[in-house]
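Notes follow the structure.
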Amino acid sequence: MDLLERRAPTSSICPSDAAREAYEGDDEGWRALMEPARRAAWRLVAAGKVEVTQAGRPVAESEARGPLRIRRAGR
Numbered sequence: 249m250d251l252l253e254r255r256a257p258t259s260s261i262c263p264s265d266a267a268r269e270a271y272e273g274d275d276e277g278w279r280a281l282m283e284p285a286r287r288a289a290w291r292l293v294a295a296g297k298v299e300v301t302q303a304g305r306p307v308a309e310s311e312a313r314g315p316l317r318i319r320r321a322g323r
């Protein structure tokens, strides 16, 4: 949520942005945090705080395949 709050209200982030932010290193170790970042995004969806999108449209977890974006809910 902190990443979204630092961006314009209409902006979105990639789960990799969150993984990179959480990883404290300068190599590719953030990649191991991609799945936890995606799981966190789905928890935020369940809490009504964000939407996960593909091609600019909200997508359900069961339908999501490939690259995702995360944006504030209610846009």
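Taken in order, the sequence shown gives residues 249 to 323; the numbers are from this note's numbering.
Idealized CB from N, CA, C, for every residue including glycine.
Which residues mark the beginning and the end of the beta strand (DSSP E) in which E299 is found?
298-302
May I ask which residues mark the beginning and end of the beta strand (DSSP E) holding R320?
Unbroken beta strand (DSSP E) run through R320: 317-320.
Looking at the strands, I want to know which residues DSSP matches up with S260.
According to DSSP, residue pairing for S260 in a beta bridge involves R319.
Need the endpoints of the alpha helix (DSSP H) that D250 sits in, please.
250-253
Going by beta carbon distance, what residues of the same chain come within less than 7 Å of R320, once the five residues before and after it are set aside?
Within its own chain, the residues whose Cβ lies closer than 7 Å to the Cβ of R320, once the five positions on either side in sequence are excluded, are L252, P257, V298, listed in chain order.
Might you give, ordered along the chain, the residues of its own chain that have their beta carbon closer than 8 Å to the beta carbon of L316, omitting 5 neighbours on each side?
In chain order, C262, P263, R286, A289, V300, T301, Q302, V307 place their CB closer than 8 Å to the CB of L316, counting only its own chain and leaving out the 5 sequence neighbours on each side.
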